[in-house]
Every structure is written in structure tokens, then in C-alpha cells.
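Asks: Numbering (the numbering used here), first residue to last: 46 to 458. Note that CB positions come from ideal geometry on N, CA and C, so glycine has one too. A quick note: this is a predicted structure, and the numbers were derived from the prediction, not measured. One structure follows; several queries about it will come next.
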């Protein structure tokens, strides 16, 4: 059979769906992603990504990468294995989430975050105040010894993260950059299909500052509680509501949500710990102010699945879907027309999954629902006899019957 550009035959995928959800998984993203063959659970909090799941993850990473580039972030890749001595320098060596190991005879940890690595690294690369501000980011797996990993991809022990760190000579410069990153985060969640439900949320700054900011996506399946003030356009994490008057809190809407990103002002704590200081234009040594900006890439995949799907079917936004279009011939006699439809969609710039498997029609339709691509083309005997295919936009629910020549136009309508 001739190869079709930008078309993947479903029969060639290392992929299979399950009739029943995995046992003991209460969260919707875990049930659906495993049933649909996107991920495979290795152990609590640790997942493998199968071909469809990896395509979704890479699409999410690509969106994040573009937005971090847009604010001047420079991509790097730092080690996951850290000397414990770096964590002792900052006084964080006793954190209970650290996975401890050895590197030769030296004590080491697997990185849950990278302030202890990026700060001394940038200190070797920034020679003058004129080199600031500087911002670097990476997309890498992290390791946290979570006591109770749960909710599928939402809380794991090994997980993907985009973490970015910025370095500034003044607090005012950090503030300006911080707001630019916040806007880039809004763009990320909009492009990933969660913009309408995601709120910029004030949260505790912990040891670093009075406040940090989270991006919380509202859903009945969330594990965080936030309060929305629709009039002022602000949101508060439950952990800080005691800082606000009771009458103001009473007027807010209490909802549950999933944290899909966060940003922190770190102050000078880490730079000071590693002796990272630079003379300003007057020659006066200055402490370096830092910001930290995180998005869990695998967590974001889980959040999209949790929020935008139904209990029995994925509904991926087009920007992150593993393929744009699913072409489903109901029997082998419709395969030639299905290949023509797939070719027309690929020529229009769509990525296409063509279900060429020799299985019954009901199984194909059930799998198509479960996999959840945004555009579906079904080719049955009756419509094919009329020279038509049935196109459905799964996000809007619109279904039309069109000839193959008009199929690409239907996807754009």
C-alpha cells in the first residue's frame, strides 16, 4: 500500500484500547488516558507515554517552548542528578520530597527543582550587570518523593516540568519581567484549551515572598479550593483567605480547581547562598534577584484530559491533539475512499490517523470516541454510495455529509 504523507495507519501503532477502565483509579484523567492507550502505569506516580500520549505531550511542550521564547527565555538542559552539597548550601537538604542516592562516594539527590543548580551555573556565565536580565528554562523530568501520589498525571513521583529562572539586578526589573511571564502563561493555557477556566490566583509565597501566583483551572474534579471575585477579576487560594476580611470572602464564589502553573519571586535567597553578586553601574556590589516560573508539562496533559473530556471519551483541543483528524471506514470495502479522504486532509495541512484495522464497525467507533481526536470522518456503506463522507467536529458537535473534495473546507468551517 502506498505511503500517505502526514497519515498514520492505526494498525501500525504500538497502541491498544481497553474495554474497562483500570481498577482503583478514581480520577478521570487516569481512567481515560490508560483506557485509550495514551499512557501506561508502571507504579504509583510513574507513567510511560505511548505513541499517542507522547504526541500530546510534545505538542504541549511545543506551545510552552514558543511562549517562553517569546519573553526571551533561553532553553538549556540541566542534570537531574545533583550533589547534595548544593542543597546543603541553601539549607534545603532535609526536604522530605528528596530522592536520595549516591554519585560515586558522594551523596546526591534527584532534582525536584533546579534553583540549586541554575544559580551557580548562571554565576559562571554572567560577568557583568550589562548581561542582566537573563532568563533560562528547561523541559525535563523531575523527581519528588510524594507520600501519596494520586490522580493519575496530576500528582506523581516522576513527572515532566518546564521550569524557568530569571536573574535581575533590581526588584523593579524582576517585577516587570514577572508580569510579562504571567501574560505568556495566559497564552499557554489559552492555546491548550483551558484559557476560559484558568484564573490567576494569589497564593502563599512561603519562605520567598508574601505571595506567589498560581494558575488554577476550575473543575469539579480539582483538589484545590479557590475563591473567585468576579467583580475584581481576582482569585485567592484557600490557604491565604485568613488574610482577607470575612465579608469580602463571603461575597466570593468558592470552587475547586487544578493548579496548572505557578510563578514565584525568589528574592535574593539563592543568589546570596551561592555568593552571586555583581557590581552595578556605580561599582557597588548588588545581590541578584531571581524569579521562578513552573508548568508541569505532564500535569497539564492530565488536566486537559480531566477537564475537557467526558467520563467515557476524550475531546482533545486541536492544538494539543495527537492527530487533528480520525478517518474511520466502517469496513474494508470503504478503505479506498477513506484513503482518499485522509489524503485530502493531509494535503490541507492536517495530521491524520486512519483506522485501517480489520475490526468490527462498533469497535472502531467506540475507540474513536475514546481516543478523542477533534475532527472525525466516518465512511459507511450508505454515505459512500452517495459519494459522501460524514464529518463531525467533536468540539462543537456539528455533523455534515460532504464529498471528499469539500472535506478540508468542512474542517475549517
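On the three-state DSSP scale, how would you describe residue 264?
Replies: coil
Asks: So, do the region 366-373 and the region 416-428 have three or more beta carbon pairs nearer to each other than 8 Å?
Replies: These segments touch.
Asks: Please give the ranges of any alpha helix (DSSP H) in the region 313-352, keeping only runs that are unbroken, at least 4 residues long and fully inside the region.
Replies: 314-318
Asks: Do residue 393 and residue 453 have their CB atoms nearer than 8 Å?
Replies: yes
Asks: Are the C-beta of residue 401 and some C-beta of chain D separated by less than 8 Å?
Replies: Going by chain labels, chain D is absent from the structure shown, which holds only one protein chain.
Asks: Helix, strand or coil, according to DSSP, for residue 228 in the structure here?
Replies: helix
Asks: Look at residue 246 and residue 214 and say whether their C-beta atoms are less than 8 Å apart.
Replies: no
Asks: For the beta strand (DSSP E) containing residue 85, list its first residue and its last residue.
Replies: 84-88
Asks: Just how far apart, CA to CA, sit residue 379 and residue 302?
Replies: 45 Å
Asks: Is the separation between the beta-carbon of residue 314 and that of residue 253 shorter than 8 Å?
Replies: yes
Asks: To the nearest angstrom, how far is it from the Cα of residue 442 to the Cα of residue 272?
Replies: 32 Å
Asks: Quick check on this structure: which residue in 431, 436, 432, 106 has the alpha carbon closest to the alpha carbon of residue 423?
Replies: 436
Asks: Pick out whichever of 402, 154, 415, 104 has its Cα sitting closest to the Cα of residue 145.
Replies: 154
Asks: Let me know the secondary structure DSSP gives residue 289 once reduced to three states.
Replies: coil
Asks: Going by DSSP, name the residue or residues bridged to residue 370.
Replies: 397, 420
Asks: Can you grab the Cα-Cα spacing for the pair residue 47 / residue 234, in whole Å?
Replies: Confidence at residue 47 is low in this model, with a pLDDT of 46, below 50, so its placement is unreliable and the value that follows should be read with caution. For residue 47 and residue 234, the distance between alpha carbons rounds to 39 Å.
Asks: For residue 307, which beta-bridge partners are listed by DSSP?
Replies: 259, 339
Asks: For residue 350, which residues of its own chain have a beta-carbon under 6 Å away from its beta-carbon, when the five flanking residues on both sides are left out?
Replies: 74, 77, 78
Asks: Rounded to whole angstroms, how far is the Cβ of residue 164 from the Cβ of residue 319, which I believe are closer than 8 Å?
Replies: Confirmed, Cβ separation roughly 5 Å.
Asks: Could you tell me whether the Cβ atoms of residue 188 and residue 156 are closer together than 8 Å?
Replies: With respect to the 8 Å criterion, residue 188 and residue 156 are classified as neighbours on the basis of their beta carbons.
Asks: Which residues mark the beginning and the end of the beta strand (DSSP E) in which residue 206 is found?
Replies: 203-213
Asks: Apart from the five residues just before and just after residue 445, which ones in its own chain have a Cβ nearer than 7 Å to its Cβ?
Replies: 436, 455
Asks: Within a Cβ cutoff of 6 Å, which residues of the same chain sit near residue 373, ignoring the five residues on either side of it in sequence?
Replies: Result list for residue 373: 400, 409, 413, 423, in chain order.
Asks: Per the DSSP calculation, residue 175 is bridged to which residue(s)?
Replies: Residue pairing by DSSP places residue 175 opposite no residue, since no beta bridge is assigned to it.
Asks: Please state if the CB of residue 208 and the CB of residue 337 are separated by a distance shorter than 8 Å.
Replies: yes
Asks: Between the alpha carbons of residue 232 and residue 304, how many angstroms are there, rounded?
Replies: 16 Å
Asks: Sorted by chain position, which residues of the same chain lie with C-beta nearer than 6 Å to residue 425's C-beta, five sequence neighbours on each side aside?
Replies: 375
Asks: Just how far apart, CA to CA, sit residue 339 and residue 160?
Replies: 12 Å
Asks: Quick check on residue 47: does DSSP put it in helix, strand or coil?
Replies: Confidence at residue 47 is low in this model, with a pLDDT of 46, below 50, so the placement of that residue should be treated as unreliable; the coordinate-derived value is given next. Three-state DSSP puts residue 47 in coil, outside helix and strand.
Asks: Over what stretch of residues does the beta strand (DSSP E) that includes residue 142 continue unbroken?
Replies: Segment: none, residue 142 is in no beta strand (DSSP E) and carries neither H nor E.
Asks: State buried or exposed for residue 91, treating a residue as buried only when at least 16 other CB atoms are found within 10 Å of its CB.
Replies: exposed
Asks: Which first and last residues belong to the beta strand (DSSP E) in which residue 435 is found?
Replies: Note, residue 435: beta strand (DSSP E), 434-438.
Asks: Can you tell me whether residue 57 is buried or exposed, with buried defined as 16 or more other CB within 10 angstroms of its CB?
Replies: exposed
Asks: Please look up how many angstroms separate the CB atoms of residue 143 and residue 186, rounded, as I've assumed it's under 8 Å.
Replies: Actually they are not in contact, since the Cβ atoms of residue 143 and residue 186 sit about 15 Å apart, beyond 8 Å.
Asks: State buried or exposed for residue 104, treating a residue as buried only when at least 16 other CB atoms are found within 10 Å of its CB.
Replies: buried
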